[in-house]
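A.B. asks: Per this note's numbering, residue 45 is the first one in the sequence shown, and the count goes up by one each step.
Glycine included, C-beta positions come from ideal geometry on N, C-alpha and C.
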Amino acid sequence: MAEAYITGTGAYLPGDPVSNEELAVRFGDGTRRDEALHRRALAANGIRTRHYATDKHGKNTMLNEELAVHAVSRALADRGLPATEVRMLTAGTTQGDLLVPGFASMVHGRLGGGPMELLSSAGVCASSMAALKAAVSAVQLGQHRVAVAVGSELASRSFSGDCPSPDTAFLRWTLSDGAGAVVVEPERRPDGLSFRVDWMHLVSYAHEHEVCMSAALPDGVTVPRLRQDMSALSALVDVGVAEYAALVRAGRIDPGTEHVLCHYSAGHFRDKLMTRLREAGFEPDEGKWFTNLYTAGNTGAASVFVLLDAAKPLLRPGDRVLLVVPESGRFMFAFAQLTCVGQDGNPSQAEFAASPLGRPLAGDPPAAVRAFTELAVVWSEFERELARVPVVRRIEEGSATAGDYHRLLRNLRQQVVDGGRWISLAAASFSAGLFWLRSAAIEHAAAEHRDYQLLEQDYLSAGGDKETIATTPQNIGTAALSAFMFYRAGQPDPVDLLGAMFIIEGLGVRKAGFWADRLRDSAGLRADQLKFLRYHSEGDEEHFAILAAALRSGLLDDAAVSQVVRTARVVARLYALQLEELDHV
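1. Nearest to ALA506 by CA position, among GLN535, VAL461, GLY463, ARG454, is which residue?
2. According to the neighbour-count rule (16 or more other Cβ atoms, all chains shown, within 10 Å of its Cβ), is VAL460 buried or exposed?
3. Distance, Cα to Cα, VAL380 vs ALA179?
4. What do you reckon, is the C-beta of GLY158 under 8 Å from a heavy atom of the ligand SAM?
5. Does DSSP put ASN89 in a helix, a strand or coil?
6. For PHE379, which residues does DSSP report across the bridge?
7. Just verifying my parser: in three-state terms, what is the DSSP assignment at TYR56?
8. For the beta strand (DSSP E) that contains LEU162, what are its first and last residues?
9. Are GLY463 and LEU621 touching if we call contact CB-CB under 9 Å?
10. What are the boundary residues of the beta strand (DSSP E) that includes VAL350?
11. Using C-beta distances below 8 Å, list every residue in its chain close to SER372, excluding the 5 sequence neighbours before and after it, in chain order.
12. Leaving out the 5 sequence neighbours to the left and right, which residues in its chain are closer than 7 Å to SER238 when beta-carbon positions are compared?
13. Which runs of the beta strand (DSSP E), 3 residues or longer, sit entirely within the stretch 239 to 321?
14. From the DSSP output, which residues share a beta bridge with PHE334?
15. For TYR96, I'd like the list of residues in its chain whose CB is within less than 8 Å of its CB, leaving aside the five on either flank, ordered along the chain.
16. Identify every residue that forms a DSSP beta bridge with ILE547.
17. When we look at the beta-carbon of PHE474 and count the other beta-carbons within 10 Å, is it buried (16 or more) or exposed?
18. Helix, strand or coil: how does DSSP classify LEU626 here?
19. If you drop the 5 nearest sequence neighbours on each side, which residues of the same chain put their C-beta closer than 7 Å to that of ARG360?
20. My parser needs the alpha helix (DSSP H) runs of 4 or more residues fully inside the stretch 373 to 449; what are they?
21. Measuring CB to CB, does ALA286 end up less than 9 Å from ALA250?
22. Mapping DSSP to helix, strand and coil, what is LEU198?
23. So ALA127 packs on GLY146, CB below 8 Å; how close in whole Å?
24. Looking only at C-alpha atoms, which of ARG578, PHE377, PRO517 sits nearest to LEU626?
25. Can you tell which of LEU81, ARG92, SER117 has the C-alpha that lies nearest to the C-alpha of TYR56?
26. For the putative contact between THR134 and SER165, defined by C-beta atoms under 8 Å, what is the C-beta separation to the nearest angstrom?
27. For the alpha helix (DSSP H) containing VAL180, list its first residue and its last residue.
28. Looking only at its chain, what residues have a beta carbon closer than 6 Å to the beta carbon of HIS188, apart from the 5 residues adjacent to it on each side?
29. From the DSSP output, in three-state form, read off GLY124 for me.
30. Counting beta carbon pairs with one atom in the stretch 598 to 610 and one in the stretch 495 to 515, are three or more of them shorter than 8 Å?
What follows is the structure, given as structure tokens:
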């Protein structure tokens, strides 16, 4: 699968900012009850200015589709692309201008361009994130090279007239109009900041909660009236914090992420969220939680894209950005992690930290700096590839079974057996000029050649059958990996196998211990059934010291570094294939 990058952003907030004083003039009914509700709502939401597609008399001057097209046009202009380049348009909104056709069709008709795939995402605030996920998925699958996702709201058209229900009147002082859009492509933009989409997660809890926000047509009213069950909103915060905590436990969210862009319907919910996070054991740095709610207003489905566009000047290559959108409709939550990347392709601080080698040191030779830098990028690519492998995803999410563990060990055994063999072959292939690498390879082979026995002991201890694991043939990925390794090990002075060592031993350093912990918890495995993973978690640090010394030795020129990096990338792909093809021989 290809990567997906957000390469352009755009936001459109119609008209001049509307102050709290002007708000009452436009939409208030002059009653004492309405004035009291007005004051209470503004005190809760903290919004100072917002935008409306209305004139001073409260009459709408634009359609929702027009707002969306303005945002899409700005996102395309930010990227430097015409509408004719767009091949997919996804659009999310709470209420389109017509019941049919779909909102995306109306936006496309006004935008122009050429033939394109469309998707209209219905819902409330998270509808834009669903639209984004569809665009990202299409780009990752290679179906389209340019996709655009837009979220747009024209809430003000439901504000006119009497509001007999406080649940309806409250929203009059909370919601506002606007649109935001993003461009999605399989490659980073060549002239500025892009956002790599690392993952997205959308989940509904409608099976556990009643309707909280809805739109209906009361008798005698021609425009759907929005209403909100205010008493249910505190539960939304609790469920959202629980989902956040689950993603932290699964290793998907890092609480230290540099920037969090969270959609809030009102300022007091931000305060409640921070309190609940601290009660759950987190210590959120509120300085990292960016919002423009107080000046842009609550633009519903548009909010997350409006936020991203506003925050862009604060972001630098290497920063991670967590998007969070809670939806009160019937309790839905959307999360996405982005990594900011520049056009130069240099790894971020987070990618250096995740790399088993870490970052180069100040006194390292240029070749070592290049090797550490490019291998960090390879590792980042490898981790994202692993996250898409079903068995790895189940392990890391905490849903793997003892059966998954049995299949994993059965399929790893032959690769582990072959590992000692190709390392021995590599030792024999080093010339006298690289005698120290030959010695290191011999010591490594001696340590590795009985690893398969430790793996078999774990398999048997976990309930596996000895004959089954001894006779399980190589799967397709293992066969390809072993063939490549033996071929490279047989070449004269195969220093490029340092790249293979980086991937295979890196799994021990960065993944083995984590996987052991997750399998212990999800499959109920004991310590004596996880010795192979624990051994590599604790023992591969020594091998990495050898790898780092080799890269810093000064014996590798640019050509050798290129070969090391290439071999690392090939081995990463083949190792992931091995895990994808469990039992496929």
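C.D. replies: According to the data block:
1. That would be ARG454, whose Cα lies nearest to the Cα of ALA506.
2. With 16 or more other CB atoms across the displayed protein chains lying within 10 angstroms of its CB, VAL460 is buried.
3. The amino acid occupying residue 380 in the given sequence is Ala; Val does not appear at that position. Computed Cα separation, rounded: 13 Å.
4. This structure simply doesn't include the ligand SAM, nor any ligand for that matter.
5. Reduced to three states, the DSSP call for ASN89 is helix.
6. In the DSSP output, where bridge partners are listed per residue, PHE379 has HIS245, VAL368.
7. Secondary structure of TYR56 (DSSP, three-state): strand.
8. Per DSSP, LEU162 belongs to the beta strand (DSSP E) from 161 to 166.
9. Their beta carbons are not under 9 Å apart, which means GLY463 does not touch LEU621 by this criterion.
10. Element bounds for VAL350: not the beta strand (DSSP E) but the alpha helix (DSSP H), 347 to 355.
11. Cβ neighbours of SER372 beyond the five flanking positions: VAL168, CYS169, CYS256, MET257, GLN272, ALA276, LEU277, LEU280, SER309.
12. When the five nearest sequence neighbours on each side are left out, the beta carbons in the same chain lying within less than 7 Å of the beta carbon of SER238 are those of TYR49, ILE50, THR51, ARG232, VAL385, in order along the chain.
13. Runs found: 257 to 260, 269 to 272, 303 to 306.
14. Answer is LEU305.
15. Hits under 8 Å: PRO58, GLY59, VAL62, ARG70, SER200, SER220, ASP221.
16. Answer by DSSP bridge pairing: none, since ILE547 is not bridged.
17. Counting Cβ neighbours within 10 Å, PHE474 comes out buried, since at least 16 surround it.
18. Here DSSP, grouped into helix, strand and coil, assigns LEU626 to coil.
19. Here the set comprises CYS384.
20. Runs found: 393 to 398, 410 to 431, 434 to 441.
21. Taking 9 Å as the Cβ cut-off, ALA286 and ALA250 do not qualify as a contacting pair.
22. LEU198: coil per DSSP, three-state reduction.
23. The pair is not a contact, with the Cβ atoms about 18 Å apart (cut-off 8 Å).
24. Of ARG578, PHE377, PRO517, the residue nearest in Cα terms is PRO517.
25. Closest option to TYR56, Cα to Cα, is SER117.
26. Confirmed, Cβ separation roughly 6 Å.
27. Its alpha helix (DSSP H) spans residues 171 to 184.
28. Result list for HIS188: ARG131, MET132, ALA182, in chain order.
29. Note: GLY124 maps to coil in three-state DSSP.
30. No, the stretch 495 to 515 does not touch the stretch 598 to 610.
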